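For the sequence shown, the positions run 35 to 650 when this note's numbering is used. One structure below.
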Amino acid sequence: MSDSLPLREKYLALIDEIVQTTLKGKISSQEQVYQMLLKGVTADTGEVFELVLSDRLNSTQQQVDTEKDELKQAKATRSLRAIKTIQSQWQRAQQQNKTTEAIVSAFREVTTAEVGSRLAAFLGAIDFNRKNPLNLQQIQQVSKSLQQFAQADSDFQEISDGINRGIIGWQRLQDHLVSWMYDQSRESLGFGGVPGERGPWATWAKQVNGEFPKALFRYLALEKSAIEFAQQHTSVSLRDWVEMAVILQYLQRGLINWFDQQPYNVKAGSKLSISTFLTFAVIWSQLASGFGSAASIYSAGCSQVMVQILRTFAQRSYFPLYGGIFASFSGKYLRDALNYLDEPLRQVEGTQEKARILTLLGSSQRAFGQYKRSVQFHQQALEIARSAGDRVCEIANLNHLSRTHVAQKMYPEAIDFSQRALILSRQTGDRTGEANALVNLGYSEVMQAQQLEQLEPEVYETAINYLQQGLTLSERLGDVQSKALCFSSLGVAYVIIEQPQTAIKYLEDGFQAAQISGDLYLQGLNLSNLGEAYYYLPDQEKAIYAGCLGMYLLNQIASNEWQKSAGWLIILQGQIGEESFRNLLQKNRSKIIAVIGVDGYDYIPQLLEEYRNPKN
35 MSDSLPLREK YLALIDEIVQ TTLKGKISSQ EQVYQMLLKG VTADTGEVFE LVLSDRLNST
95 QQQVDTEKDE LKQAKATRSL RAIKTIQSQW QRAQQQNKTT EAIVSAFREV TTAEVGSRLA
155 AFLGAIDFNR KNPLNLQQIQ QVSKSLQQFA QADSDFQEIS DGINRGIIGW QRLQDHLVSW
215 MYDQSRESLG FGGVPGERGP WATWAKQVNG EFPKALFRYL ALEKSAIEFA QQHTSVSLRD
275 WVEMAVILQY LQRGLINWFD QQPYNVKAGS KLSISTFLTF AVIWSQLASG FGSAASIYSA
335 GCSQVMVQIL RTFAQRSYFP LYGGIFASFS GKYLRDALNY LDEPLRQVEG TQEKARILTL
395 LGSSQRAFGQ YKRSVQFHQQ ALEIARSAGD RVCEIANLNH LSRTHVAQKM YPEAIDFSQR
455 ALILSRQTGD RTGEANALVN LGYSEVMQAQ QLEQLEPEVY ETAINYLQQG LTLSERLGDV
515 QSKALCFSSL GVAYVIIEQP QTAIKYLEDG FQAAQISGDL YLQGLNLSNL GEAYYYLPDQ
575 EKAIYAGCLG MYLLNQIASN EWQKSAGWLI ILQGQIGEES FRNLLQKNRS KIIAVIGVDG
635 YDYIPQLLEE YRNPKN
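Okay, here's the thing in structure tokens:
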């Protein structure tokens, strides 16, 4: 305390000086106060200054409130006004000090790192998850500092040049950030549809000057894997790699910021924010895989950026704890893309963010039919979530484990997980978790009753009642993803108890809800089940239309559940004859093409043939 006394007196004198000179009219602007504070208060003693300022503010406020003499009260009021000016300008100075310290800290981290660790230090310094993340101008300041420090052709010079070139590249791209969406009237981030000149990557490739990022964008525009691209560029310079890193990271942030500001835009909103996070995370993960041991520094750098992106994503309110596959992924790009995220995550210590990322991976693996891997992801996420005290994530993984065990026909285990999720969700007030738990419990009991060939209507009534409760709750919450799952589960339940007309209504609603949420897996599943309901009605034409669409969509996202649709479609084909089947399919050609295009329509007979004669 004695050591800080002279400092307290010094700062008290500074405050009094500013107040007195203000009262005498010698200080005419807030800028003068700001400059006096910058000069008079050091960043490392800011807390002492704040205490002194707070004491003087309180004592002066008390004087204003209690003083009876009007002249003295007026003087105290003017003093109070001056002190409040000091307070506001101190907050400004504090921010400047934080900015300066952040820049100095980033510079220090890079320049003190060992030769092989300088890139990692730079990526850590510009990590958007830091307490005081650097903005574009501040990164430019880091670049200037590195340039002054660097010798010719050193790592520091290359990092500095890469930053500057990356910023220039990003500035050229800003006006073209989302123009491609309106040029082609589509939502995809460029991984489905016709490759080449359409989509964001082709648009951005035309605008950026740097040869390395331009080559990457052209590669991605052709729907080629970033793994192959990296394998062909393992000798890339540090300058070019940093340029690419800056451009890619600001493209991703720019897109997410734009999508986040479009909550009512049917083409954008959180659905595309989610897809953007996943798209760029997958690209970085594939680049890491491609650089591999041949360019281990770059491989590690790519993994580092990928984890940074996912950690940012896991903190967003719309992180999809209950949804796995989203609409901006389509075609062959989606196949196994999320698998690439697994390896780098093995290197990350258990964190709350990691638990959420593993939850997403687990639900995606279930959609692909990789049930063993799905359980492994969810069990690991469950343990981390419990350790981190993340109850919402814990409940989500109990729900996912229930769903995955249903897929494995392990119904008692599925019921157990859903019951645990229901109890915990009600204890903690997690309404979304409760809605999903009710659906999973009802669905598990319906499937178990079918397996045990229980015919008593009371068994199904109880289970369907759980499903109805889940639907009511999800509708009340406005949770589209949970609602889509509720509709889908109710539809399946009514198919099982041979009430196809009721099932059709739920499955149609489920398909619409899945379209809104952007979950391709649930879209395909609802269409597949809808076709089966029409098959039992029977309505052969609608069964073929919905069943073929569902089969195609499930196959496109690499879900092995397409084979279930193919199975009963082959039976139907045998019942009505190949020509009648082909005629009914042709009758719905225009409607099918509107959803999956000509190529998709032409692929349907090939899929049926592939199911009939599988390749060994």
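From the three backbone atoms N, C-alpha and C, an ideal C-beta is built for every residue, glycine too. Keep in mind the model is a prediction, meaning the values are calculated, not measured.
Rounded C-alpha distance that separates Asn594 from Leu554
C-alpha separation (whole angstroms): 14 Å.
Sequence-distant residues of the same chain with beta carbon closer than 6 Å to Arg369, five excluded per side:
With a pLDDT of only 43 at Arg369, under the threshold of 50, the placement of this residue in the model should not be trusted; the figure read from the coordinates follows. Closer than 6 Å at Cβ, skipping near neighbours: Ala592.
Here's the rule I'm using: 16 or more other beta-carbon atoms within 10 Å means buried, otherwise exposed. How should Gly512 be labelled?
Exposed is the label assigned to Gly512, since fewer than 16 other Cβ atoms lie within 10 Å of its Cβ.
If Tyr579 and Asn617 are in contact, beta carbons under 8 Å, what's the gap, nearest whole angstrom?
With 8 Å as the limit, Tyr579 and Asn617 do not qualify as a contact, their Cβ atoms being about 13 Å apart.
Could you say if the stretch 167 to 176 and the stretch 258 to 267 meet the contact criterion of at least three C-beta pairs nearer than 8 Å?
Because the criterion of three Cβ pairs below 8 Å is not met, the stretch 167 to 176 and the stretch 258 to 267 do not touch.
Complete alpha helix (DSSP H) runs within the stretch 255 to 321 (minimum length 4 residues, chain order):
Restricted to the stretch 255 to 321, the alpha helix (DSSP H) segments that are unbroken, complete and at least 4 residues in length are 260 to 265 and 272 to 294, listed in chain order.
Cβ separation of Arg206 and Glu277, assumed to be a contact under 8 Å, to the nearest whole Å
Glu277 and Arg206 do not touch by the CB rule: their CB atoms are close to 12 Å apart, not below 8 Å.
Span separating the alpha-carbon of Leu72 from that of Arg164:
For Leu72 and Arg164, the distance between alpha carbons rounds to 25 Å.
Is Val632 buried or exposed, if buried means 16 or more other CB atoms sit within 10 Å of its CB?
Burial is judged here by how many other beta carbons sit within 10 angstroms of a residue's own beta carbon; Val632 has fewer than 16 and is exposed.
Please report how far the alpha carbon of Gln453 lies from the alpha carbon of Leu571, in whole angstroms.
Answer to the nearest angstrom: the Cα atoms are 34 Å apart.
Around the C-beta of Tyr216, are 16 or more other C-beta atoms found within 10 angstroms, so that it is buried, or is it exposed?
With fewer than 16 other Cβ atoms within 10 Å, it is exposed.
Could you pull out every residue in the same chain whose Cβ sits closer than 6 Å to the Cβ of Glu387, ignoring the five residues on either side in sequence?
Hits under 6 Å: Arg345 and Ala348.
Are there three or more Cβ pairs, one per stretch, closer than 8 Å when the stretch 460 to 469 is compared with the stretch 437 to 449?
Result no; under three Cβ-Cβ pairs closer than 8 Å.
Spatial neighbours of Gly196 within its chain, please: C-beta separation below 6 Å, excluding the five flanking residues on both sides.
Excluding five sequence positions before and after Gly196, the CB atoms of its chain that fall closer than 6 Å to its own CB belong to Arg273, Val276 and Glu277, given in chain order.
If I measure Cβ to Cβ from Phe246 and keep anything under 8 Å in the same chain, skipping five residues before and after, which residues do I get?
Take Phe246, set aside five residues on each side of it, and the residues of its chain with a beta-carbon closer than 8 Å to its own are His267, Val270, Asp274, Trp275, Glu277 and Met278, in chain order.
For Asn474, which option in Tyr568, Leu524 and Arg425 has the closest C-alpha, if you only look at C-alpha atoms?
It is Leu524.
Consult DSSP for Ala592 and reduce its assignment to one of helix, strand or coil.
Looking at Ala592 - three-state DSSP - the assignment turns out to be coil, as it is neither helix nor strand.
Please return the same chain residues whose Cβ sits closer than 7 Å to the Cβ of Gln95, not counting the five positions on each side in sequence.
Once the five neighbours on either side are set aside, the close Cβ partners of Gln95 are Leu114.
Keeping to the same chain, check which residues put their C-beta closer than 6 Å to that of Trp238; ignore five residues upstream and five downstream.
So the qualifying residues of the chain are Leu207 and Phe251.
With DSSP collapsed to three states, give me the class of Ile160.
Looking at Ile160 - three-state DSSP - the assignment turns out to be coil, as it is neither helix nor strand.
Got a sec, what are the start and stop residues for the alpha helix (DSSP H) Ile166 sits in?
The sequence shown places Asn at residue 166, not Ile. Segment: none, Asn166 is in no alpha helix (DSSP H) and carries neither H nor E.
Assign Val149 to one of two classes, buried (16 or more other C-beta atoms within 10 Å of its C-beta) or exposed (fewer than that).
Flag for Val149 reads exposed.
Does Thr111 come out as helix, strand or coil in the three-state DSSP assignment?
Reduced to three states, the DSSP call for Thr111 is helix.
For Lys132 and Leu153, the rounded distance between their alpha carbons:
So the two alpha carbons sit approximately 24 Å from each other.
Kindly confirm or deny that the stretch 40 to 58 and the stretch 80 to 93 touch, where touching means at least three C-beta pairs closer than 8 Å.
Yes: at least three Cβ pairs fall under 8 Å.
Could you give the first and the last residue of the continuous alpha helix (DSSP H) run that contains Arg623?
Counting along the chain, the alpha helix (DSSP H) containing Arg623 begins and ends at Arg623 to Arg646.
Element boundaries [alpha helix (DSSP H), containing Ile531]:
Per DSSP, Ile531 is not a residue of any alpha helix (DSSP H), being assigned neither H nor E.
Let's test the definition: count the other Cβ atoms within 10 Å of the Cβ of Gln182 and tell me whether it reaches 16, buried, or not, exposed.
That one is exposed.
Could you check whether the stretch 407 to 420 touches the stretch 388 to 396, counting it as contact only if at least three pairs of C-beta atoms, one from each stretch, sit closer than 8 Å?
Short answer: they touch.
Where Gly608 falls, given that 16 or more other Cβ within 10 Å makes a residue buried
By the 10 Å Cβ count, Gly608 comes out exposed.
Would you mind reading off the limits of the alpha helix (DSSP H) that contains Tyr195?
Per the sequence shown, residue 195 should be read as Asp rather than Tyr. Annotation for Asp195: the continuous alpha helix (DSSP H) segment containing it runs Asp189 to Leu207.
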